[in-house]
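**Student:** Heads up: the protein sequence lines correspond to chains G and W, in order.
Take 1 as the starting number for the first sequence in the numbering used here and just add one per residue.
Take 1001 as the starting number for the second sequence in the numbering used here and just add one per residue.
2 protein chains.
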Amino acid sequence: MAKVDTSLVAHLPLFAGVAPEALDEILREARSARYPKNSAIFEQGADAQSFFLLLHGHVRAAKTTPTGEQIVVRYVAPGETFGLAMAIGAARYPATAMAVDDSVVLIWPTSAWPRLVERFPALAANTLQTVGTRLQESHTRILEMSTQQVEQRIAHALLRLAKQSGKKLDQGIEIDFPISRQDIAQMTGTTLHTVSRILSGWESQGLVESGRQRIILREPHKIVVLAERTPDSGAA
Amino acid sequence: MAKVDTSLVAHLPLFAGVAPEALDEILREARSARYPKNSAIFEQGADAQSFFLLLHGHVRAAKTTPTGEQIVVRYVAPGETFGLAMAIGAARYPATAMAVDDSVVLIWPTSAWPRLVERFPALAANTLQTVGTRLQESHTRILEMSTQQVEQRIAHALLRLAKQSGKKLDQGIEIDFPISRQDIAQMTGTTLHTVSRILSGWESQGLVESGRQRIILREPHKIVVLAERTPDSGAA
DNA sequence: AGCCGGTTTTGCGCTATCGCAAATTGCAGG
DNA sequence: CCTGCAATTTGCGATAGCGCAAAACCGGCT
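1. For Leu1207(W), which of His1193(W), Ser1111(W), Ser1146(W) and Val1224(W) has the nearest alpha-carbon?
2. Figure out for me which residue from Glu80(G), Asp102(G), Gln129(G) and Ala40(G) has the closest Cα to the Cα of Tyr93(G).
3. Please list, in chain order, the chain W residues whose beta carbon lies closer than 8 Å to that of Ala87(G).
4. Which whole-angstrom value is the C-beta distance of Leu54(G) and Phe82(G), which I expect to be below 8 Å?
5. What does Leu1135(W) touch in chain G if you count any residue whose Cβ is under 8 Å from its own?
6. Nearest to Arg1028(W) by alpha carbon, out of Leu1012(W), Pro1121(W) and Asp1005(W)?
7. Using 10 angstroms around the beta-carbon of His1193(W), count the other beta-carbons present and answer buried if the total reaches 16, otherwise exposed.
8. Measuring only between beta-carbons, confirm whether Met1145(W) sits less than 8 Å from chain G.
9. Assuming contact is defined by CB atoms lying nearer than 8 Å, are Ile215(G) and Ile154(G) in contact in what I supplied?
10. Please return the same chain residues whose Cβ sits closer than 6 Å to the Cβ of Trp1113(W), not counting the five positions on each side in sequence.
11. Does Asp1183(W) pass the burial test, meaning 16 or more other C-beta atoms within 10 Å, or should it be called exposed?
12. Give me the Cα-Cα distance between Arg1134(W) and Glu219(G), rounded to the nearest whole angstrom.
13. Just tell me which of Ala1162(W), Thr1140(W), His1056(W) and Pro1178(W) has its CA closest to the CA of Val1105(W).
14. Taking 8 Å as the limit between beta carbons, can you name the residues of its chain near Ala1236(W), skipping five residues before and five after?
15. According to a CB-to-CB cut-off of less than 7 Å, which residues of the segment 46-72 of chain G neighbour chain W?
16. So within the segment 1137-1203 of chain W, which uninterrupted beta strand (DSSP E) runs reach at least 3 residues, ignoring any that extend past its ends?
17. Could you work out which residue in Leu1217(W), Ala1022(W), Gln1149(W) and Lys1037(W) is closest to Asp1170(W) when comparing CA atoms only?
18. Closest Cβ-Cβ distance between Val117(G) and chain W: below 8 Å?
19. Is there a C-beta anywhere in chain G that falls below 8 Å from the one on Gly1083(W)?
20. Quick check: the Cα distance between Lys168(G) and Gln1129(W), rounded to an integer number of angstroms?
21. Let me know if Val18(G) comes out buried or exposed under the rule of 16 or more other beta-carbons within 10 Å of its beta-carbon.
22. Rounded to whole angstroms, what's the CA-CA distance from Thr1127(W) to Gly211(G)? Just pull it up for me.
23. Name the residue from Val1150(W), Ser1180(W), Arg1160(W) and Ile1179(W) whose alpha carbon lies nearest to the alpha carbon of Arg1229(W).
24. Looking at the secondary structure, which residues open and close the beta strand (DSSP E) in which Ile1107(W) lies?
25. Between the alpha carbons of Ser1007(W) and His1139(W), how many angstroms are there, rounded?
26. Can you check whether the CB of Ala1095(W) is closer than 8 Å to the CB of Ala1048(W)?
27. On the DSSP letters alone, give me the boundaries of the beta strand (DSSP E) that Thr1096(W) sits inside.
28. How is the beta strand (DSSP E) around Ala1061(W) delimited, first residue to last?
29. By DSSP, does Ala236(G) sit in helix, in strand, or in coil?
30. What does the alpha-carbon distance come out to for the pair Thr64(G) and Tyr75(G)?
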């Protein structure tokens, strides 16, 4: 009973260097599930019983402080893994995962990981690669938060989202899932008010078109310029 | 010719689950080197020809922006690996590594990594664990930068340094390597001026004792309280 | 078509923190 | 012991961005 078509996932980085037959064996250990928009997939602090591969949709990973503030750790795009607590030796999820759109995921029990890695060492190598890349992105984000002001950070964040999950339109690039001002604030370390002000500004300059939970970059190129402008390089 | 005594490194997380004979084989591929205080080990952007294991001393990994600002990514303590660009599939170092004290490192050629991983899959698993942990720490740092103010961030940073590289004294805990106000600023996303002001304040309250590139936490417990204080929880 | 609730916008005062500049200090060499 | 330099301290304005509050908006649902 082929629950999941191997051809759909064979090309993913996670499975690089894994033989097709082996892939089948790996997939047999997984089940798939559908999460409707705005449903939680797992909660920060819960037992890390599973790890996930996103097939369709979009998932937001967010971290919450003891006092309730949240930051968005990342948006997961189709083809990416998430909830890899076990890979880092954590027994509990360090963040909350929530479907921001109707989403379909593959789910493996965490307990299967050691066995899978033993049988298919490429999995560990591939995951290492992935996690390493995320670590670098994290450092870049820290660098930005330390050295750039809010407008630049927002510009960078939107450009990254556009690259990761942008849908090309005639009029520009639309970010392909619902995202609020609050979300952007939580990605860039600011407040929804400030995000709103800045997007309003951009909108009046024709750089973006935005509505409820929806953003279109009309002038990606000009936004790149914004993103790279240093604090002092004069504006008009 | 036993260049490095296996017993000195056998217990390190990197080598968990590796047989002693195997360890010997791994170490044979490494050479060791000594870097004097304030010498560069590798530069951001340079070809990632080697990866490293710190045996003695302390190393600072820092990332520089195009405009020259720096942030400290982390301080490497003895027993930790650094310069793992290859593990994440990067051809160049994403940061600069500098010995902040006279340091001794083991050096493997990056080219040896694939072979080592193939022969000893535990290396990949262990490294994944390490990198995963760093990723989490990174996220924590982002969370702090997003939600806490400078004083709290500095408190957390110093407490972490104390835990990682603190030397217990009768009078408190001393951070075991030279570290300037500027360094702390680059760890917490602020300026050396602000760090200086805050440390001065703490010093006059008897929380710390600090001099040139030297910091002693006299009242770690009270600093913990500071670190955890929320923006509004009133001060005296 | 009309209503409701979440989202976004915007005004306004406030302040934490920056940025610059100048004075001071402490360590390292000679 | 003295000198010079780098690290640190501190004062003082400037300001980016926050926080609160109120209004306007927009969609979806009935």
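Even for Gly, the Cβ is constructed at its ideal location relative to N, Cα and C.
**Tutor:** The structure says:
1. As a first step, residue 1207(W) must be located in the second sequence, where it is residue number 207. Checking every option, the nearest Cα to that of Leu1207(W) belongs to Val1224(W).
2. For the purposes of this step, residue 93(G) is identified with residue 93 of the first sequence, where counting begins at 1. Each of Glu80(G), Asp102(G), Gln129(G) and Ala40(G) was checked against the Cα of Tyr93(G), and the nearest Cα belongs to Ala40(G).
3. Here residue 87(G) is taken as the residue at index 87 of the first sequence, counted from 1. Correct list: Leu1128, Gln1129 and Gly1132.
4. If you number the first sequence from 1, residue 54(G) lands on position 54. If you number the first sequence from 1, residue 82(G) lands on position 82. The beta-carbon distance between Leu54(G) and Phe82(G), rounded to whole angstroms, is 7 Å. This is short enough to meet the 8 Å contact definition.
5. Your numbering for residue 1135(W) matches position 135 in the second sequence. Per Cβ cutoff of 8 Å: Ile88, Val131, Arg134, Leu135 and Ser138.
6. Mapped onto the second sequence, residue 1028(W) falls at position 28. Answer by Cα proximity: Asp1005(W).
7. Residue mapping note: residue 1193(W) aligns to position 193 of the second sequence, counting from 1. In the assembly as shown, His1193(W) is an exposed residue. Its beta-carbon has fewer than 16 other beta-carbons within 10 Å.
8. Along the second sequence, read from residue 1 onward, the residue named residue 1145(W) stands at position 145. Interface residue, yes.
9. Against the first sequence, residue 215(G) aligns to sequence position 215. Against the first sequence, residue 154(G) aligns to sequence position 154. Contact flag unset, no.
10. Position 113 of the second sequence, counting from 1, holds the residue named residue 1113(W). In the same chain as Trp1113(W), and ignoring 5 residues on each side of it, the C-beta atoms closer than 6 Å to its own belong to Met1086, in chain order.
11. Residue numbering aside, residue 1183(W) sits at position 183 when the second sequence is read from its first letter. Buried, because 16 or more other Cβ atoms sit within 10 Å of the Cβ of Asp1183(W).
12. Position 134 of the second sequence, counted from the start, is the residue given in the question as residue 1134(W). Position 219 of the first sequence, counted from the start, is the residue given in the question as residue 219(G). If you take the alpha carbons of Arg1134(W) and Glu219(G), they lie about 36 Å apart.
13. Here residue 1105(W) corresponds to residue number 105 of the second sequence, with the count starting at 1. That would be His1056(W), whose Cα lies nearest to the Cα of Val1105(W).
14. Within the second sequence, residue 1236(W) is the residue found at index 236, counting from 1. Confidence at Ala1236(W) is low in this model, with a pLDDT of 43, below 50, so its placement is unreliable and the value that follows should be read with caution. Same-chain partners within the cutoff: there are none.
15. Flagged, chain order: Lys63, Thr65, Thr67, Glu69 and Ile71.
16. Whole beta strand (DSSP E) segments, 3+ residues: 1166-1169 and 1172-1175.
17. Here residue 1170(W) refers to the residue found at position 170 of the second sequence. Ranked by Cα distance from Asp1170(W), the options Leu1217(W), Ala1022(W), Gln1149(W) and Lys1037(W) are led by Leu1217(W).
18. Here residue 117(G) refers to the residue found at position 117 of the first sequence. Chain W contact via Cβ: present.
19. Numbered from 1 along the second sequence, position 83 holds the residue referred to as residue 1083(W). Cβ-Cβ to chain G under 8 Å: no for Gly1083(W).
20. Sequence index remark: in the first sequence, residue 168(G) carries index 168 (1-based). Sequence index remark: in the second sequence, residue 1129(W) carries index 129 (1-based). Take the alpha-carbon of Lys168(G) and the one of Gln1129(W): they are about 38 Å apart.
21. Within the first sequence, numbered from 1, the residue matching residue 18(G) stands at position 18. The residue is buried, with at least 16 neighbouring Cβ atoms inside 10 Å.
22. Position 127 of the second sequence, counting from 1, holds the residue named residue 1127(W). Position 211 of the first sequence, counting from 1, holds the residue named residue 211(G). Between Thr1127(W) and Gly211(G), the C-alpha separation is close to 44 Å.
23. To locate residue 1229(W), count along the second sequence from 1; it is residue 229. Checked all of Val1150(W), Ser1180(W), Arg1160(W) and Ile1179(W); the closest Cα to Arg1229(W) is Val1150(W).
24. By 1-based counting over the second sequence, the position of residue 1107(W) is 107. Its beta strand (DSSP E) spans residues Ser1103 to Pro1109.
25. Translated into the one-based positions of the second sequence, residue 1007(W) becomes position 7. Translated into the one-based positions of the second sequence, residue 1139(W) becomes position 139. Approximately 34 Å between the Cα atoms of the pair.
26. For the purposes of this step, residue 1048(W) is identified with residue 48 of the second sequence, where counting begins at 1. For the purposes of this step, residue 1095(W) is identified with residue 95 of the second sequence, where counting begins at 1. Going by C-beta atoms, Ala1048(W) is not nearer than 8 Å to Ala1095(W).
27. One-based indexing of the second sequence puts residue 1096(W) at position 96. First-last of the beta strand (DSSP E) with Thr1096(W): Thr1096 to Ala1099.
28. Position 61 of the second sequence, counted from the first residue, corresponds to residue 1061(W). Per DSSP, Ala1061(W) belongs to the beta strand (DSSP E) from Val1059 to Thr1064.
29. One-based indexing of the first sequence puts residue 236(G) at position 236. Any reading at Ala236(G) must be qualified, since the residue scores a pLDDT of 42, below 50, and its modelled position is unreliable; no value is offered.
30. As a first step, residue 64(G) must be located in the first sequence, where it is residue number 64. As a first step, residue 75(G) must be located in the first sequence, where it is residue number 75. Cα to Cα, the separation comes out at about 15 Å.
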